[in-house]
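Since the structure comes first, as structure tokens, the remarks are kept for the end.
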Amino acid sequence: MTYDLIVVGGGIGGSALAAVMARTGKSVLLLEKSTVYEDRVRGEWIAPWGVAEAKRLGLYDRLLAAGGHHLTSHVTYDETRDPAAAEAGALPLGMFAEGVAGPLCIRHPVHCQTLFDAAVAMGATALRDVTVGEIVLGDAPSVTYVHDGAEQIARAPLIVGAEGRQSLVRRAAGLTLHQDRPHHWFAGLLVDDVAEIDPLRQTIGTEGDFAFLTFPQGNGRVRVYGGWSLSDKARFAGTEGPRRFLDAFRLPSAPQNEAIANGSPAGPLFAYYNNCSVAERPHAPGAVLIGDAAGWNDPILGLGLSITYRDVRIVSGILKTEGGRPDFRPYAVERAERMRRLRAAAELQAGLDMEFGEPARERRRRYHEECAEDPALGMHGVAVLAGPETVPPDVFTAEHRARVLGA
Ligand SMILES: Cc1cc2nc3c(=O)[nH]c(=O)nc-3n(C[C@H](O)[C@H](O)[C@H](O)COP(=O)(O)OP(=O)(O)OC[C@H]3O[C@@H](n4cnc5c(N)ncnc54)[C@H](O)[C@@H]3O)c2cc1C
2 MTYDLIVVGG
12 GIGGSALAAV
22 MARTGKSVLL
32 LEKSTVYEDR
42 VRGEWIAPWG
52 VAEAKRLGLY
62 DRLLAAGGHH
72 LTSHVTYDET
82 RDPAAAEAGA
92 LPLGMFAEGV
102 AGPLCIRHPV
112 HCQTLFDAAV
122 AMGATALRDV
132 TVGEIVLGDA
142 PSVTYVHDGA
152 EQIARAPLIV
162 GAEGRQSLVR
172 RAAGLTLHQD
182 RPHHWFAGLL
192 VDDVAEIDPL
202 RQTIGTEGDF
212 AFLTFPQGNG
222 RVRVYGGWSL
232 SDKARFAGTE
242 GPRRFLDAFR
252 LPSAPQNEAI
262 ANGSPAGPLF
272 AYYNNCSVAE
282 RPHAPGAVLI
292 GDAAGWNDPI
302 LGLGLSITYR
312 DVRIVSGILK
322 TEGGRPDFRP
332 YAVERAERMR
342 RLRAAAELQA
352 GLDMEFGEPA
362 RERRRRYHEE
372 CAEDPALGMH
382 GVAVLAGPET
392 VPPDVFTAEH
402 RARVLGA
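Mapping the sequence shown onto this note's numbering, position 245 (from 1) lands on 246, and the numbers just tick up by one.
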């Protein structure tokens, strides 16, 4: 029961890291709580820079073989824009990462299972239906867990926390999680039987008191998200909630949404309040955190998967090159700056798309008008698609924010 590495949480980050490290010959124990991966309304859209990270990790071909679906264009609708003009200005998505056709969509449960299978195929000891108990860190790390009715204790020089927002490893390490105030409600639903929609085009838009995002998955299936004000918590609650949610997509400023509203709900409707968070550090003696466990970006940008793949690449790089006690300080420095930039980008996007009423509408109208003259105003969007390190640092300053959102 002694391993080179124990990974707690076999979702995106945990399974990917276990696969990559097992491939290098390390003995890896991967502990996953669930028996099957279910639709928890989690990320199904990987930004082009995240796809590039998956390629660098040698995992992209598996995602494609599991049904990964590339999107190649983007349209921003808005109540202040003519829909035909919005469509005429469709943004091609194949130019943001070299050799990447555009964002990649794949169902989150399929994505997790594909990576878990990869970890098994590469030689990790990967267990499901595990209840993790005591986690000891420091000089002699260990994890106590129950599997198949038996309590076990496993030891390794390093425990990886990859179990998402409620990380046990983070708690065992005594690392504080700082969370921003929530900005808006955000809910997602998988929709089937969507006829007459461009399967390669993603869209976003805001009208009245509702904002939406749509991501076709192929074969008449679309993952949709909606955002609305924090003051209306129960707006889509109850058994009729999914139907009311789809009806909210019927917006004159986005005529293509009619096909979505006429589709059939194909999964649960879960609502989350959107915010950003950050752990005080993503490492402690005997532990390192990856993915949401280390802090997350507001899902308005859809970057949690890309962030997690980059975490896996950097952490696996450190583990591969360093014997003895790995030094995760460079990871902490890089991640802090990456998350700082993405937080600023998320605040801009949420300020533009997920605020409602006349002042917000006027702000968006002015933004779209000025952006046509000065595309630099939309550089936070380039950070989302190409990666936060690809745009000048001034995009993430209060001055830029004031230029985009007004004083
Ligand atoms: C509404 C919403 C929409 C989103 N949309 C997108 C999007 O479109 N694109 C995008 O990139 N990101 C999106 N995200 C974010 C993205 O889903 C996450 O950032 C990403 O899944 C994080 O990966 P992870 O591996 O850290 O955690 P997870 O994918 O959450 O995996 C954690 C795993 O740990 C397991 N686990 C939990 N506790 C334990 C335990 N005690 N013991 C053992 N195992 C445990 C869980 O069962 C799970 O399998 C969205 C998030 C939300 C809330």
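Where is the CB? At the ideal position from N, CA and C, for every residue including glycine.
Beta-carbon proximity list for residue 396, same chain, < 7 Å, skipping 5 on both sides: For the purposes of this step, residue 396 is taken as the residue at position 395 of the sequence shown. Taken in chain order, the residues that qualify are 380, 381, 384.
So, is residue 179 buried or exposed, given that buried needs 16 or more other C-beta atoms within 10 angstroms? For the purposes of this step, residue 179 is taken as residue 178 along the sequence shown, with counting starting at 1. Looking at its Cβ environment, which holds fewer than 16 other Cβ atoms inside 10 Å, residue 179 is exposed.
Can you name the residues that DSSP bridges to residue 86? Taking the sequence shown and counting its residues from 1, one reaches residue 86 at position 85. Its beta-bridge partners do not exist; DSSP assigns none.
Should residue 3 go down as buried or exposed, given a rule of 16 or more other Cβ atoms within 10 Å for buried? Against the sequence shown, residue 3 aligns to sequence position 2. By the neighbour-count rule (16 or more Cβ atoms within 10 Å), residue 3 is not buried but exposed.
Which residues in the same chain have their Cβ closer than 6 Å to the Cβ of residue 283, if we skip the five residues on either side of it in sequence? For this step, residue 283 is matched to residue 282 along the sequence shown. If we look at residue 283 and ignore the five residues flanking it on each side, its Cβ neighbours are 290, 295, 333, 336.
CB of residue 163 to nearest heavy atom of ligand 1: below 7 Å? By 1-based counting over the sequence shown, the position of residue 163 is 162. For ligand 1, at least one heavy atom lies less than 7 Å from the Cβ of residue 163.
Check whether the Cβ of residue 211 lies closer than 7 Å to any heavy atom of ligand 1, and answer yes or no. If you number the sequence shown from 1, residue 211 lands on position 210. Because no heavy atom of ligand 1 lies under 7 Å away, the Cβ of residue 211 does not count as near it: no.
Which of helix, strand or coil does DSSP assign to residue 277? For the purposes of this step, residue 277 is taken as residue 276 along the sequence shown, with counting starting at 1. Coil, per DSSP.
Measuring CB to CB, does residue 75 end up less than 8 Å from residue 92? Residue numbering aside, residue 75 sits at position 74 when the sequence shown is read from its first letter. Residue numbering aside, residue 92 sits at position 91 when the sequence shown is read from its first letter. Yes, these two residues count as a Cβ contact at 8 Å.
Candidates 339, 327, 150, 374: closest to residue 393 by CA position: Position 392 of the sequence shown holds residue 393. The candidate whose alpha carbon is nearest that of residue 393 is 339.
Under three-state DSSP, which class holds residue 369? Your numbering for residue 369 matches position 368 in the sequence shown. Three-state result, residue 369: helix.
Neighbour-count burial assignment, residue 286, 16 or more Cβ in a 10 Å radius: Residue numbering aside, residue 286 sits at position 285 when the sequence shown is read from its first letter. It is exposed - the Cβ of residue 286 has fewer than 16 other Cβ atoms within 10 Å.
Buried or exposed: residue 231, going by 16 or more other Cβ atoms within 10 Å of its Cβ? Numbered from its first residue, the sequence shown carries residue 231 at position 230. By the neighbour-count rule (16 or more Cβ atoms within 10 Å), residue 231 is not buried but exposed.
Drop a sphere of 10 angstroms on the beta-carbon of residue 1, count the other beta-carbons inside from all chains shown, and report buried for 16 or more, exposed for fewer. Coverage of the chain is limited to positions 2 through 408, which leaves residue 1 absent and any answer about it impossible.
Please classify residue 38 as buried or exposed, where buried requires at least 16 neighbouring CB atoms within 10 angstroms. Reading the sequence shown from its first residue, position 37 is the one you call residue 38. Its Cβ being crowded by 16 or more others within 10 Å, residue 38 is buried.
For residue 94 and residue 120, I'd like the C-alpha separation in whole angstroms. Here residue 94 refers to the residue found at position 93 of the sequence shown. Here residue 120 refers to the residue found at position 119 of the sequence shown. When rounded, the distance between both Cα atoms is 31 Å.
Residue of 129, 308, 222, 323 minimising C-alpha distance to residue 49: In the sequence shown, counting from the first residue as 1, residue 49 sits at position 48. Residue 49 has its Cα closest to that of 308, out of 129, 308, 222, 323.
How many Å lie between residue 32 and residue 257 at the Cα? Stepping through the sequence shown from its first residue, residue 32 is reached at position 31. Stepping through the sequence shown from its first residue, residue 257 is reached at position 256. For residue 32 and residue 257, the distance between alpha carbons rounds to 43 Å.
Given residue 158 as reference, the closest of 56, 172, 28 once Cα atoms are compared: Your numbering for residue 158 matches position 157 in the sequence shown. Closest option to residue 158, Cα to Cα, is 28.
Report the CB separation of residue 275 from residue 351 in whole angstroms; it is logged as a contact under 8 Å. Within the sequence shown, numbered from 1, the residue matching residue 275 stands at position 274. Within the sequence shown, numbered from 1, the residue matching residue 351 stands at position 350. Correct: roughly 7 Å between the Cβ atoms.
Expressed to the nearest angstrom, what Euclidean distance is found between the alpha-carbon atoms of residue 378 and residue 399? Looking up residue 378 in the sequence shown gives position 377. Looking up residue 399 in the sequence shown gives position 398. Approximately 13 Å between the Cα atoms of the pair.
Nearest-angstrom Cβ-Cβ length linking residue 18 and residue 8, presumed shorter than 8 Å: Sequence index remark: in the sequence shown, residue 18 carries index 17 (1-based). Sequence index remark: in the sequence shown, residue 8 carries index 7 (1-based). Indeed they touch by this definition, with Cβ atoms about 6 Å apart.
Is residue 174 near ligand 1, going by C-beta to nearest heavy atom under 7 Å? Counting from 1 along the sequence shown, the entry for residue 174 is found at position 173. No, the Cβ of residue 174 stays beyond 7 Å of every heavy atom of ligand 1.
Would you decide whether residue 130 is buried or exposed? Buried here means 16 or more other CB atoms lie within 10 Å of its CB. Residue mapping note: residue 130 aligns to position 129 of the sequence shown, counting from 1. It is exposed - the Cβ of residue 130 has fewer than 16 other Cβ atoms within 10 Å.
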